[in-house]
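Below: the structure, in structure tokens.
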């Protein structure tokens, strides 16, 4: 009896194993069958897309042009940009050109280009005026400045005129100007130069020494045998050195009598100095 029970148990266990194996095989088969179907569908979709793309765009052979009558099955593809582009006719183009207004510029004898500047000089440098270099005029005393001199005045004289000490200098292109005149230049000496600060002056004196600043780019032509701060001097700043003839020229002035025109300023640290900006301001060397 016990043997029969053991045999039945074995048969039941084997049957269960067979059922599990069959179920596993069917599940795996199901998975394998499902994947190829999706791939097939995707392949069909890609094929359909390529077919549609091929049908939408027609490309003729590059070997020779193909007329529309020779390619009856090729669809006409309209360009959005071409449909929105306006191309006027030749007639319209001619009409638009004829309708362009032109401004007529009348010849004005009082324009800045017709200024009478004969015999007039730059109030700072004393050089003859040249319209092409840019002109500025003081509205108070009517003296003129070239553009370069105007910039020097802005930098070292607070924009004040060297003739009347007023801040009324404007570009001659901004309004119609009247006939100007030259600045009154004071001739000063070592005894009275302190009375002419802020004015353009002419000074003649012996050059004792040409000093170089500590930073090596500023120069002082000393008219007194004193220190940089205590003596009257002609100063040349680095941005004006080239127009003054360079360091070699300044050094060559030592031991000579020099007559110079410039703007007399009193610096709070460096004392009295004659500011120059152009070689023409050296009026004479003996």
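Residue numbers (the working numbering): 890 to 1175. For glycine and all other residues, C-beta sits at the position ideal for the given N, C-alpha and C.
Under the three-state DSSP convention, the category residue i falls into
{"i": "residue 1032", "result": "coil"}
{"i": "residue 1157", "result": "coil"}
{"i": "residue 1112", "result": "coil"}
{"i": "residue 1095", "result": "strand"}
{"i": "residue 1086", "result": "coil"}
{"i": "residue 1129", "result": "helix"}
{"i": "residue 943", "result": "Confidence in residue 943 is poor, its pLDDT being 44 and thus under 50, which makes the residue's placement unreliable; the coordinate value appears in the next sentence. Helix at residue 943."}
{"i": "residue 1146", "result": "strand"}
{"i": "residue 921", "result": "helix"}
{"i": "residue 908", "result": "helix"}
{"i": "residue 895", "result": "helix"}
{"i": "residue 915", "result": "helix"}
{"i": "residue 1164", "result": "strand"}
{"i": "residue 900", "result": "helix"}
{"i": "residue 1041", "result": "helix"}
{"i": "residue 958", "result": "Reliability of the predicted coordinates at residue 958 is poor, the pLDDT of 49 falling under 50, and no value is obtained from them."}
Bounding residues of the alpha helix (DSSP H) (the contiguous stretch that carries residue i)
{"i": "residue 1139", "result": "1135-1140"}
Beta carbon of residue i nearer than 8 Å to that of residue j
{"i": "residue 1110", "j": "residue 1096", "result": "yes"}
{"i": "residue 1170", "j": "residue 1015", "result": "yes"}
{"i": "residue 1199", "j": "residue 1085", "result": "Residue 1199 cannot be examined here, being either before or after the span of the chain that is shown, 890 to 1175."}
{"i": "residue 1139", "j": "residue 1099", "result": "yes"}
{"i": "residue 1004", "j": "residue 1020", "result": "yes"}
Terminal residues of the beta strand (DSSP E) in which residue i lies
{"i": "residue 1077", "result": "1075-1077"}
{"i": "residue 1174", "result": "1171-1174"}
{"i": "residue 1058", "result": "1058-1060"}
{"i": "residue 1024", "result": "1024-1027"}
Residue i: CB within 7 Å of a non-hydrogen atom of the ligand ZN
{"i": "residue 1088", "result": "With respect to the ligand ZN, the structure offers nothing, as it holds no ligand at all."}
Classification of residue i by the beta-carbon crowding that lies within 10 angstroms, buried from 16 upward
{"i": "residue 1162", "result": "buried"}
{"i": "residue 1150", "result": "buried"}
{"i": "residue 1165", "result": "buried"}
{"i": "residue 902", "result": "exposed"}
{"i": "residue 1057", "result": "exposed"}
{"i": "residue 1011", "result": "buried"}
{"i": "residue 906", "result": "exposed"}
{"i": "residue 1051", "result": "buried"}
{"i": "residue 1042", "result": "buried"}
{"i": "residue 918", "result": "exposed"}
Measuring CB atoms only, is the region 1010-1026 touching the region 1053-1063, in the sense that at least three cross pairs come out at less than 8 Å? yes
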